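Colleague: Per this note's numbering, the very first residue in the sequence shown carries number 4; after that it's consecutive. Pasting a structure below so you can have a look.
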Amino acid sequence: MKLPQRERRHKRVTRKVQGTAVKPRMVVFRSKKHIYAQLVKDDANMVIAGCSTLSKEFKAKNMKSGDREAAKEIGKLIAAKAISLGIKEVCFDRAGYKYHGRVQALSDGAREGGLKF
Numbered sequence: 004m005k006l007p008q009r010e011r012r013h014k015r016v017t018r019k020v021q022g023t024a025v026k027p028r029m030v031v032f033r034s035k036k037h038i039y040a041q042l043v044k045d046d047a048n049m050v051i052a053g054c055s056t057l058s059k060e061f062k063a064k065n066m067k068s069g070d071r072e073a074a075k076e077i078g079k080l081i082a083a084k085a086i087s088l089g090i091k092e093v094c095f096d097r098a099g100y101k102y103h104g105r106v107q108a109l110s111d112g113a114r115e116g117g118l119k120f
């Protein structure tokens, strides 16, 4: 029953948070082993950039993929990609997850990387 509850929370949050070309939505997905982050432009229904613990940039660092340090590093990587595209401000979409643990570490890493929420 946990997955339908998370999906319900995600739909409720997504109704309130819309990403535009100037201020895209940063969506987080977390599994037991990995964490993913994407920048989404909702008005055009497209993903601008994405990063995960499965990407080449992260694998080159030889870090463990399922902990808070990995999530913080993914936040820094997605922030670097966003800034290279000229994006400095995003809307954070936690996708129905609680704002603690790896989700919070990812957002802290993105803030350290230079993004504003």
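Ideal Cβ positions, reconstructed from N, Cα and C, are used throughout, including at glycine. Only a predicted model underlies this, so the values are computations on that prediction, with no experimental measurement involved.
(1) Cutting at 7 Å between CB atoms, please list the residues of its own chain near V106, excluding the five before and the five after it.
(2) Ends of the alpha helix (DSSP H) at G112?
(3) Would you kindly work out how many angstroms separate the C-alpha atoms of I77 and Q41, rounded to a whole number?
(4) Look at the Cβ atom of K79, then the Cβ atom of G116, and state whether they are nearer than 7 Å.
(5) Based on Cα-Cα distance, which residue from K84, H37 and I51 lies nearest to K62?
(6) List in chain order: all unbroken alpha helix (DSSP H) runs of 4+ residues lying wholly within the stretch 26–79.
(7) Could you tell me the boundaries of the beta strand (DSSP E) in which F95 lies?
(8) Give the straight-line distance between the Cα atoms of T23 and G69, rounded to the nearest whole angstrom.
(9) Got a sec? Which residues, its chain only, sit under 6 Å from R71 by beta carbon, not counting five neighbours each side?
Modeller: Working from what's here:
(1) Cβ-Cβ distances below 7 Å link V106 to V31, R33, R97 and Y100 in the same chain, with the five nearest sequence neighbours on each side left out; the list follows chain order.
(2) Membership of G112 in the alpha helix (DSSP H) is indicated by the continuous run R105 to E115.
(3) Roughly 10 Å separates the two Cα atoms.
(4) Note that the C-beta distance between K79 and G116 is below 7 Å.
(5) Comparing Cα-Cα distances from K62 to each of K84, H37 and I51, the minimum goes to H37.
(6) Segments of the alpha helix (DSSP H) lying fully in the stretch 26–79: 59–62.
(7) Residues C94 to D96.
(8) Rounded to the nearest angstrom, the gap between the Cα atoms of T23 and G69 is 30 Å.
(9) Excluding residues within five positions, the ones whose Cβ falls inside 6 Å are R105 and A108.
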